[in-house]
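Chains as they are written, first to last, in my numbering: chain B, 50 to 639; chain H, 5 to 85. Think of the CB as a built atom: it goes at the ideal place given N, C-alpha and C, for glycine as much as any other residue. Read the structure below first, then the notes.
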Amino acid sequence: MLTPVPPVIAAALSWRMPLALRLNVAPIDYVIVCLYFAFVIGIGWVLRKQLRGSADFFESGRSLPAWICALGFIGANLGAQEVIGIAASSAKYGIATAHFYWIGAIPAMVFIGVFMMPFYYGSKARSVPEYLKLRFDEKTRTLNALSFALMTIFSSGISMHALASLLQVIIGLDYNVCIAISGLIVLVYVYSGGLTAAIYNEVVQFFLIALGLLPLVVLGLQDIGGWSGLVSHLDQYAAARDMPGAWSHAWGPLDSPAHNPLGIEWFGVVAGLGFVLSFGYWCTDFLVVQRAMAAKDMNAARLTPIIATFPKLLIPVLVIVPGLVAVALLQRAHGDFSLPAAADGSPDYNMVVPAMLAKYFPNGLLGIGLTALMASFMSGMAGNVTAFNTVFTYDIYQSHLNPGASDRHLVAVGRAATVGGLILCALAAYTARQFNNIMDMVQLVFGFVNAPLFAIFLLGMFWRRATGHGAFYGLLLGTLAALIFHGNTLPFGEPAGLVKGGWMSVRHQFGSSMAQNFWMAIVAFTACFFGTALISLATKPSRSDSELRGLVYSLTAKPRDDRQAAWYARPVPLGLFVIAITLGLNILFW
Amino acid sequence: MQLDIRLPMGLLFLLLGAVLVAFGFFADPVIYAKHSLGHNVNLIWGAVFAAFGAFMLWLAGRAARRAVTENQPAGADGRHE
Numbered sequence: 050m051l052t053p054v055p056p057v058i059a060a061a062l063s064w065r066m067p068l069a070l071r072l073n074v075a076p077i078d079y080v081i082v083c084l085y086f087a088f089v090i091g092i093g094w095v096l097r098k099q100l101r102g103s104a105d106f107f108e109s110g111r112s113l114p115a116w117i118c119a120l121g122f123i124g125a126n127l128g129a130q131e132v133i134g135i136a137a138s139s140a141k142y143g144i145a146t147a148h149f150y151w152i153g154a155i156p157a158m159v160f161i162g163v164f165m166m167p168f169y170y171g172s173k174a175r176s177v178p179e180y181l182k183l184r185f186d187e188k189t190r191t192l193n194a195l196s197f198a199l200m201t202i203f204s205s206g207i208s209m210h211a212l213a214s215l216l217q218v219i220i221g222l223d224y225n226v227c228i229a230i231s232g233l234i235v236l237v238y239v240y241s242g243g244l245t246a247a248i249y250n251e252v253v254q255f256f257l258i259a260l261g262l263l264p265l266v267v268l269g270l271q272d273i274g275g276w277s278g279l280v281s282h283l284d285q286y287a288a289a290r291d292m293p294g295a296w297s298h299a300w301g302p303l304d305s306p307a308h309n310p311l312g313i314e315w316f317g318v319v320a321g322l323g324f325v326l327s328f329g330y331w332c333t334d335f336l337v338v339q340r341a342m343a344a345k346d347m348n349a350a351r352l353t354p355i356i357a358t359f360p361k362l363l364i365p366v367l368v369i370v371p372g373l374v375a376v377a378l379l380q381r382a383h384g385d386f387s388l389p390a391a392a393d394g395s396p397d398y399n400m401v402v403p404a405m406l407a408k409y410f411p412n413g414l415l416g417i418g419l420t421a422l423m424a425s426f427m428s429g430m431a432g433n434v435t436a437f438n439t440v441f442t443y444d445i446y447q448s449h450l451n452p453g454a455s456d457r458h459l460v461a462v463g464r465a466a467t468v469g470g471l472i473l474c475a476l477a478a479y480t481a482r483q484f485n486n487i488m489d490m491v492q493l494v495f496g497f498v499n500a501p502l503f504a505i506f507l508l509g510m511f512w513r514r515a516t517g518h519g520a521f522y523g524l525l526l527g528t529l530a531a532l533i534f535h536g537n538t539l540p541f542g543e544p545a546g547l548v549k550g551g552w553m554s555v556r557h558q559f560g561s562s563m564a565q566n567f568w569m570a571i572v573a574f575t576a577c578f579f580g581t582a583l584i585s586l587a588t589k590p591s592r593s594d595s596e597l598r599g600l601v602y603s604l605t606a607k608p609r610d611d612r613q614a615a616w617y618a619r620p621v622p623l624g625l626f627v628i629a630i631t632l633g634l635n636i637l638f639w
Numbered sequence: 005m006q007l008d009i010r011l012p013m014g015l016l017f018l019l020l021g022a023v024l025v026a027f028g029f030f031a032d033p034v035i036y037a038k039h040s041l042g043h044n045v046n047l048i049w050g051a052v053f054a055a056f057g058a059f060m061l062w063l064a065g066r067a068a069r070r071a072v073t074e075n076q077p078a079g080a081d082g083r084h085e
């Protein structure tokens, strides 16, 4: 998705790489990749026979156990941006990149499990936009559905483009062939098996990525002298940049924007990333929420995001440590590791993972590493495509074009949307290839639309007086605030313009694009929150209390944990447990 | 009954593990000196993959046996009243 981890986006988007880093791939590696491709297609084929209607195709029949939904929840998010982008960010910004997990994901995932899933799942809405219709009105739903559908297409297109560009560089595969193969494979299994096939493949992809990249961490750490050797190299690197400890400590250097490479202070991280962006993505984005809504019952739906926090806590080991090891290896005197140069002559950190695969993985294991990389790109693509076909079918087609469509017809539309969606993704990929700046712009516009989104969900779920007009115009107001903020601010060292900001006037400068992003989110959220509240108070309620039952906190019976169940099978105790672990990790790496 | 994902996943990891282990036995050891700090990672990690695959298969088998037991009508095995 484009929205989730905003920082990473910049990295994922900059696939402008006529760079030299060719992996020495042997037939054994291709055998392994082909085995995997056959497997993912096979899953779709087997599940095809079990589809009985639209509920099965779009919602997995609401029948899956929590652990499968949880791994799908994480797998759909573990796309290219995460594996490649977070490794790049950790090389650039150090261990503070872990904030995208510890504060930028875990609290929001626990929050949605404990507080929000009862509304999504209990309301029987089939999608997040449909929840907005039930809670507010049709226009709010349509605005959200259209922006989400467009976003998924572009996001999936960027994944496709990134995969094709990467494979072109590292194994010499033709760009067009790669677009065709990746698109066709995703098409076959989503078309055949619907959401269940996508989630099942996400589960497999999760394990493949985890087990496929773990040797990279182990070998990298051994090579650099273990954890203490790594920290020692990172501290030397940070000291040389006059930012002591900035690469090996997560919170300490956030006392001032001048003390860390992110160029931001702790408040911007906590409020911008930890609250607005994180909750805005994890609690409202249908890509991930759809996985929890496929669970077999309410308890499983609530447990889904909370169980997913455990793999989410482990993923930094797989994606952040390689980035840190790469920095340490570049510091080492041997000169046995290098990264290709980016357009501006600096090391291209997007190539951290491929360069480390080339260094540490012999043929055989290299096939596994390549497969893990491809799996990450394809899981991101399939996640977007399944969310797109559901929103298109339910919230655009059935809602506006053919309200009386039969169940069978809806499945056919969903399949057609899968085909059409992937064709549009391929077009988006070619657009990205031709006009990188256009894709940056698209990304930016989505950032404006998404930053304030959480405000209307927060007010909608926890304040019954919030109205449809309030939500709709509040969202537009938040977007406008983001636009004005962007037009008046600029990161240091960047040219003023439509992409980087400052296109109205440069009233304030930030230490990095990321700092600008975090603060833009804070401003957009605040404008949307207060705008929605004020407009709601000035307009008539769009729903009666009886219509809001099951949709608003104060009018809904609170789900009670089964006291007989073990603590780890109950959302609240499990959520508290994971919060305690997260706190411990923050203190450990302070 | 819906497909238990642990079954195909177990088979995939077992198969990938077997391929890696076999390659670990026969490949030229020079590749390990050049890449993986001298460790035969194909052999080691192939065994890890295979063990993970076997574990998934065992879990799937256990779940299938439980499902059969739970679906059996009372008394069908002759031990109930």
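Asked	Found
Backbone CA spacing between N635 of chain B and A454 of chain B [nearest angstrom]	51 Å
Beta carbon proximity, F53 of chain H to chain B, threshold 8 Å	yes
Cβ distance (whole Å) where A59 of chain H is taken to contact G21 of chain H below 8 Å	The sequence as given places Phe at residue 59 of chain H; Ala does not occur at that position. Not quite, the Cβ-Cβ distance comes to about 11 Å (not below 8 Å), so this is no contact.
Within chain H, the residues that I220 of chain B reaches when beta carbons sit closer than 9 Å	Residues of chain H passing the Cβ test: none, with the nearest at roughly 16 Å.
Start and end residues, beta strand (DSSP E) containing Q558 of chain B	H557 to F559
Rounded distance between the beta-carbons of V239 of chain B and T435 of chain B, thought under 8 Å	6 Å
Straight-line Cα distance separating A174 of chain B from R457 of chain B	19 Å
Range of the contiguous beta strand (DSSP E) that encloses T146 of chain B	Per DSSP, T146 of chain B belongs to no beta strand (DSSP E) and is neither H nor E.
Cut-off 6 Å between Cβ atoms - residues of its own chain near R556 of chain B, not counting five sequence neighbours on either side	N537
T538 of chain B - containing beta strand (DSSP E), residue span	T538 to P540
8 Å Cβ cutoff, L625 of chain B in contact with chain H	no
Boundaries (first-last residue) of the alpha helix (DSSP H) holding T442 of chain B	From DSSP, T442 of chain B is part of no alpha helix (DSSP H); its letter is neither H nor E.
For G463 of chain B and F106 of chain B, believed in contact at Cβ under 8 Å, the rounded distance	5 Å
Where T73 of chain H falls, given that 16 or more other Cβ within 10 Å makes a residue buried	exposed
Cβ-based neighbour list, W300 of chain B, same chain, cut-off 6 Å, excluding 5 preceding and 5 following	W639
Residue from B:F203, B:G171 and B:I144 with nearest C-alpha to L476 of chain B	B:F203
Under 9 Å by beta carbon: chain H residues contacting F86 of chain B	In chain order: nothing, as chain H lies at least about 11 Å away.
Min CB distance L24 of chain H to chain B below 8 Å	yes
Residues from the segment 393-416 of chain B in contact with chain H, defined by Cβ distance under 9 Å	A407, K408, Y409, F410, P411, N412, G413, L414, L415 and G416
P622 of chain B (DSSP reduced to helix, strand or coil)	helix
Contact set for D2 of chain B: own chain, Cβ-Cβ below 7 Å, skip 5 residues either direction	Since the first residue shown for chain B is 50 and the last is 639, residue 2 of chain B is missing from the structure and cannot be characterised.
Cβ neighbours of L406 of chain B in the same chain (closer than 6 Å, five flanking residues each side left out)	G418
C-alpha gap between P12 of chain H and I92 of chain B, whole angstroms	8 Å
C83 of chain B classed as buried or exposed, judged by whether at least 16 other C-beta atoms fall within 10 angstroms	exposed
Closer than 7 Å at the beta carbon, the chain H residues around D272 of chain B	L41
8 Å Cβ cutoff, V252 of chain B in contact with chain H	yes
D81 of chain H to G65 of chain H span [Cα, whole Å]	With a pLDDT of 49 at D81 of chain H, under the threshold of 50, the modelled position of this residue cannot be trusted; read the value that follows with caution. Taking the straight line joining both Cα atoms gives about 20 Å.
Proximal residues, the segment 103-116 of chain B versus chain H, C-beta separation under 7 Å	S112
Contact set for L508 of chain B: own chain, Cβ-Cβ below 6 Å, skip 5 residues either direction	A515 and T581
Touching by the beta-carbon criterion (3+ pairs, under 8 Å), the segment 147-165 of chain B and the segment 385-393 of chain B	no
Contact set between G249 of chain B and chain H, taken where Cβ atoms lie within less than 9 Å	According to the sequence shown, residue 249 of chain B is Tyr rather than Gly. Per Cβ cutoff of 9 Å: L7, I9, P12 and M13.
Q285 of chain B to I117 of chain B span [Cα, whole Å]	43 Å
Cα-Cα separation between R10 of chain H and A466 of chain B, rounded to whole angstroms	30 Å
Sheet register partners of L96 of chain B (DSSP bridge)	L96 of chain B is not bridged to any residue.
Residue span of the alpha helix (DSSP H) that contains F511 of chain B, given as start and end	L502 to F511
Three-pair Cβ contact test at 8 Å for the segment 158-166 of chain B versus the segment 586-601 of chain B	no
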